[in-house]
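Each protein sequence line maps, in turn, to chains V and C. Position 525, counted from 1, in the first sequence is what this note's numbering calls 530; the numbers after and before it change by one each time, with no gaps. Position 331, counted from 1, in the second sequence is what this note's numbering calls 313; the numbers after and before it change by one each time, with no gaps. Positions of the beta carbon are idealized from the N, C-alpha and C atoms, including for glycine. Here is the structure we will look at, set down as structure tokens.
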Amino acid sequence: MCGISAVFAYHPDAPPVDRDEVEAITQRMYPRGPDAGGTWFSDDGRAGLGSRRLAIIDLSPDGIQPMTDVSGQLVIVFNGEIYNHRDLRKRLERNGARFRSHSDTEVLLEMYKHDGPAMVDLLRGMYAFTILDKRDGRLFVARDPYGIKPLYIADDGRTVRIASQVKGLLAGGRVSRAPDPAGVAGFFVTGSVPEPFTTYAAIRAVEAGSCFFVDANGPSAARCHYSIAEIYQRAHSQEAVATLVEPATLLGEFVHESLAYHLVSDVPVGAFLSAGIDSTTLVALMAEARREAPRTITLSFEEFRGREQDEAPLAARFAAEIGAPHTTRIVTREEFLADMPRFFDQMDQPTIDGTNTWFVSKAAAEQKLKVAISGLGGDELFGSYPSFRELPRIVRLARVPFATRLLRNPKAKSIARYGRSLAGAYLVKRGLFMPEELPLVLGEEAAREGLERLNIVERIRSVLDVDPGTDFGRIAALESALYMRNQLLRDTDWASMAHSLEVRTPLVDAFLLRQIAPLLVVGGSKSKDHFAASARPPLPDYLRNRRKTGFSVPLKEWLNLPPDGTTTRMRSWARHVFERVGS
Amino acid sequence: MKILLLCTDAYGGHGGIALFNRELVSALAELPECEQIVVVPRVIVHEREPIPDNVQFVFAAARGRVSWVRALLRVLRETKFDLVICGHVNLLPLARLARQQPLLITHGIEAWKPLRDPLSNRLIHGVRGVVSVSALTRDRLLSWSHFAGQTFVLPNAVRAEKYGIRPKNPALVERYMLAGKRVLLTLGRIVAAERYKGFDEVLEVLPQLDDDVVYVVAGRGSDVDRLAQKARDLGVADRTIFTGFIEEREKADLYNLADVYVMPSRGEGFGFVFLEAMACGVPVIGSCHDGGREALRGGELGTLVDPSNLAAIRVAIIDALAQKERHVPEGLSFFAFERFSERVHEIVRRVTA
């Protein structure tokens, strides 16, 4: 887990790489990797790579980056973890490779030599990396299937600049800060900046699950190496496979395997614990796998005490029952206000979420943890968001003439306008501001320009270019490729890295999805129950029968946010955030 | 000691379960304290293999369900058995006629989820012990049945001396037009209910392999037409050979045609075919998500792949094709008949102690 940077002057007319720029980009990402750092520059002045390192696998200096292979022809900077690196190493060794370290970074170098760009198909993990291949003077760039690890690129037509953070690229001083109205509009419409946009016109997110080269002609067309929608489509024809074994047993086996891979670490691994099914089942499985419960962390807010939102008492009870060393971390308004300057400084792109991850990561770091397991992704995987029930209903409703006029729902007009397709219904369900409201927020011209390029309904629809074949698969693909990628995963990344904590998400795993997709398609919304039943011993009834509540933070109370037509006042919070992070 | 084995098939049977039962009987026949073994089979479809001297094989039982029950009752009237072995979960209700707790044998998918017959689900709790061909099958059975009694893992046996590394049989090379080709092989029943075998996955990988690599799909079944159409759709019809039914006597030669035996299945209780292929010195690729994992000793004897990961299957095939020399892995001796027999004797002693 690290922060990485690369500047590559690919065009003959491009000026040589400025060492200070690479240093500045890398240094801006210091909290992502406080254990070590370094830069590497090619002799011809055409390439510079930088890294900040959070040491988790192979703590020795052998794992330091930028890392060069034995031949000196390949140089890599890598952010993330390759969970199956031991399997991959064995295979490479059978094929004659020799290693100098135990790090997964070196495995990537050897894989590139052995398999070329096809290497990404074999990687189980979260990753963003770039390899400079001096043999043919090109750069290979890859990002993991779900987009767990961020990676941004700025291409001015002569030089590409790549970094783990938007703010890192800006810190180098050579990337334009001109805003991108589409990214800004995207933030107000969805609550986070939808990829590939950023709030800066010159910076784009590298597409999740893609890889490409940069050579003398610039970046090549990206190859998509993983598609969530395609996995669900394939699963649709594999239902027979799902019925061979009891669903809870099979789910348990596969999640167990994913968890075992996610526990590969040379430092202790803790866990975030709420009273929800996902985190409690994972913690139970961790305890089973390691025969020792992990250290667990739960957040609590004074404002929620005694209310349904307060998950701390049930989480503490469960932790006590399985013998987990547990911390309930109480967050107060005073602490929140004191943290705000740093909170906004570390927020890489504007978002309405991230506060909870900020504090739970801070609490984990206080407990000297460098790695924590999170149940993030369980709702997308097991279909337990209300959207799985509600989107098909919205579509049906919107198709009945005049039916929406009878609704008292404040979104009735939007349902009539957008709800006739699943993509439109998704916008209505997840949207913060509806597109027609943006002129009031951004002004007429900025809203028009932003919305035109954002083309939000089409952008949502494009996730389903490959049709998953079932509503479950379609909604799971939308939630995973949009809400989870643009908001949950991105916020988890910056808010945890700000505290030098690596968060691992065993339920957001490309291999796991491929394995259990047939089971999910057959099981539908019962999948969460099957997952809960997979723990040994099974989860207690007070957790399994608990009504699902979203995790919330008392922002309204802490900031006295003005009314905005929503109960959570997230629209007011969005304006508050944008004033501080938007430009 | 007198032992009664109730089974679906054994001598004159076809397939993995029949073979397992024959080996089981052979092992029991070698047990010094065993004076008599009576085998009551449900079906006999082929010419019978030689039967050990102290084994009574009740041919009359294989004429139908009524005959089977009648034969069983007659055997039970004539002999008092020290141990009853129920060779298949489907026979559990009828095994009650023996009026003693049977030792149950589970082979694979039939035990991976609750049985269709609720009575059998209850009867499992009354057995003397459960023998499974793999730890995976045992664990999956335990996960739904919560059986609390003794369990044993008894992997299949292979008599490696019946196989061995041989040159490719010219007649078969000509029959299947394999001259100058590198051969991938999968052997199994080709029916819709067994699509978990991984034929589809290997076909999907085939277009990404060199043109001289062909896929021999050995076996028969009602799903052949669908697979043939799929091969046409993928543009590899000319590189896919469907052999139809393979006679037992041709099997060793068939394996020896292969450069790689690949079966990325999700439904093998164990995967005896892997042992046969390895006994012919053929590199094998199995699945890490079914009993094949144990047949390959966790990857020690061959390559394990995730059957849902086509890229991993492709890479494993490429790596296996690159192997210069064929050899029978030393670790295959773990599955030698002698070891199997020792395990059987240990199980019998423990459940009759």
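In this structure, the alpha-carbon of V/K172 lies about 6 Å from that of V/D353. Comparing alpha carbon positions, the residue from V/L268, V/V146, V/Y35 and V/L97 closest to V/G130 is V/L268.
For V/A451, the secondary structure class from DSSP, reduced to helix, strand or coil, is helix.
Across the structure, V/D569 and V/S426 are spaced so that their CA atoms are roughly 27 Å apart.
Ranking V/F583, V/G178, V/E562 and V/R585 by CA distance to the CA of V/R574 puts V/E562 first.
Using beta-carbon distances, C/W94 counts as an interface residue toward chain V, with a partner under 8 Å.
Proximity to C/H309 across C/K179, C/A298, C/N238 and C/V51 peaks at C/N238, based on C-alpha coordinates. Taking all protein chains in view, the Cβ of C/R321 is surrounded by fewer than 16 other Cβ atoms within 10 Å, so the residue is classified as exposed. Between V/Y157 and V/A183, the C-beta spacing is not below 8 Å. Using a Cβ distance threshold of 8 Å, V/R576 and V/F349 do not count as a contacting pair. If you draw a 10 Å sphere on the C-beta of C/Q305, you find fewer than 16 other C-beta atoms in it, and that means exposed.
Neighbours of V/L494 across chain C, judged by C-beta separation under 8 Å, do not exist; the nearest C-beta is about 22 Å away.
DSSP places V/V527 in the uninterrupted alpha helix (DSSP H) bounded by A515 to G528. Taking 7 Å as the upper bound on Cβ-Cβ separation, chain C lies near residues F516, R519 and Q520 of the region 515 to 547 of chain V. Under the three-state reduction of DSSP output, V/R401 falls in the helix class. The Cβ atoms of V/C7 and V/S65 do not sit closer than 8 Å to each other.
The beta carbon of C/R296 sits closer than 8 Å to those of V187, Q190 and L191, all from its chain and outside the five residues before and after it, given in chain order. Secondary-structure assignment with DSSP links V/H331 through a beta bridge to V/T301. Residue burial is scored here from C-beta neighbours: C/V48 has fewer than 16 other C-beta atoms within 10 angstroms and is therefore classed as exposed.
The count of Cβ pairs closer than 8 Å, one atom from the region 246 to 263 of chain C and one from the region 192 to 207 of chain C, stays below three, leaving the stretches out of contact.
Excluding its 5 nearest sequence neighbours in each direction, C/S127 has C-beta neighbours in its own chain below 8 Å: P96, N103, I106 and H107, listed in chain order. Residue range D546 to R549 is occupied by the alpha helix (DSSP H) that includes V/Y547. Between C/E324 and C/V109, the alpha-carbon positions lie close to 22 Å from each other. For V/A377, the beta-bridge partners assigned by DSSP are V/G275 and V/V508. Burial check for V/N550: the Cβ neighbour count within 10 Å stays below 16, so the residue is exposed. With respect to the 8 Å criterion, V/L564 and V/A190 are not classified as neighbours on the basis of their beta carbons. In this structure, the straight-line span from the alpha carbon of V/L432 to that of V/F516 is close to 29 Å. In the three-state reduction of the DSSP assignment, V/E371 falls in the helix class, which pools H, G and I. Scanning the region 223 to 271 of chain C for uninterrupted beta strand (DSSP E) segments of 3 residues or longer gives 242 to 244 and 266 to 269, listed from N- to C-terminal end.
DSSP, reduced to helix, strand and coil, places V/R129 outside both helices and strands of the structure shown, so it counts as coil.
Within a 10 Å sphere around the beta-carbon of C/Q211 sit fewer than 16 other beta-carbons, which makes this residue exposed.
Remark: C-beta atoms of C/V244 and C/I228 do not approach each other more closely than 8 Å. In the structure shown, C/G203 adopts coil according to DSSP, grouped into three states. Rounded to the nearest whole angstrom, the C-alpha separation of V/D534 and V/S389 is 10 Å.
In this structure, the CA atom of C/I223 is about 5 Å from the CA atom of C/V198.
Around the beta carbon of V/F364, a 10 Å sphere encloses 16 or more other beta carbons of the protein chains shown; the residue is thus reported as buried.
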